[in-house]
Amino acid sequence: MEIIITKDYEELSETGAKIIIGTVKKNPYAVLGLATGTTPLGLYKRLIDDCKNNKTSYKHIRAVNLDEYKGLPKEHKQSYAYFMRKNLFDHIDIDLENTHIENGVAADEQSECERYDKILESMRQDIQLLGLGSNGHIAFNEPYTSFESTTHVVDLAESTIKDNARLFNDIEEVPKQAYTMGLKSIMGAKKILILASGANKAEAVYKLVRGEVTEAVPASILQNHADCTLIIDKEAAKLL
Ligand code: F6R
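Our numbering numbers the first residue of the sequence shown as 841 and each following residue consecutively.
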């Protein structure tokens, strides 16, 4: 695993953005695996600025997202589909038809997972962007998720519900379940780029880098990926 330690969040975002922009420039038809959450926001801002100022084009880029809350339609302001439009897709020249995410309000859970797995099988990610949960989750693969998992519905861990409550008016509004890309599909990406910022991620970063590869820490599976880059700021790196 390549580890890049930056002085702060701004440098982390800049470094990550350069890697994604490099992928897009090298292959204008690339498949980008994308994440939501607070961590990639600075990176997305830089992709938007670069698209505007340097005309990097996403016209033929395809995107697959990691996860979506179960029960939220794509128009819901807390849905991850909405997040992606607001924080990235609406500001770059990507064709929304080429962007994919689980349908939080699909009538049938099983068929929705199968539909998403088919999409993922037909579009191997050239690069998969990840954030890191404070409990070591990646996407919504909580501790003890099978390393062999594909798309599935998860019960969110209490700690994840608490972490995410800041984005809702009330903790009661945070959905208790979500669709998530599985660990096997994440590991299928040609390259993985994982970002972590802040002291509350330091313990998870330590376990990801130095800990045992175990289903108790989903992110530890990344030690087995042939091309994984971890970008962390000083605070997140403080236990290494
Ligand atoms: C988001 C996702 C989550 C987040 C993680 C970190 O699509 O899959 O695993 O990456 O919870 O979230 P932030 O970046 O908000 O700290």
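Cβ coordinates follow ideal geometry from the N, Cα and C atoms, glycine included.
- Annotation note: the segment 965-1033 contains the following uninterrupted beta strand (DSSP E) runs of length 3 or greater, listed N- to C-terminal: 967-970, 992-995 and 1017-1020.
- Under the DSSP assignment, Ile-1061 falls outside any beta strand (DSSP E); it carries neither an H nor an E label.
- The DSSP assignment places complete beta strand (DSSP E) segments of no fewer than 3 residues inside the segment 889-937 at 902-905 and 907-909, in order along the chain.
- Secondary structure at Asp-948: coil, using DSSP grouped into helix, strand and coil.
- Between the segment 880-889 and the segment 987-995 there are fewer than three inter-stretch CB-CB distances shorter than 8 Å, so the stretches are not counted as touching.
- At a cut-off of 6 Å, the beta-carbon of Ala-979 counts as near the ligand F6R: some heavy atom of the ligand is closer than that.
- Distance from the CA of Leu-936 to the CA of Ile-901, rounded to the nearest whole angstrom, comes to 10 Å.
- In the three-state DSSP reduction, Glu-842 falls in the strand class (E or B).
- Lys-914 is positioned such that its CB atom lies closer than 7 Å to that of Ala-921.
- DSSP, reduced to helix, strand and coil, places Val-1049 within a helical segment of the structure shown.
- DSSP places Gly-873 inside the beta strand (DSSP E), whose first and last residues are 871-874.
- Proximity of the beta carbon of Asp-907 to the ligand F6R is indicated: a heavy atom of the ligand is located closer than 6 Å.
- Short note on Gly-971: C-beta closer than 6 Å to some heavy atom of the ligand F6R.
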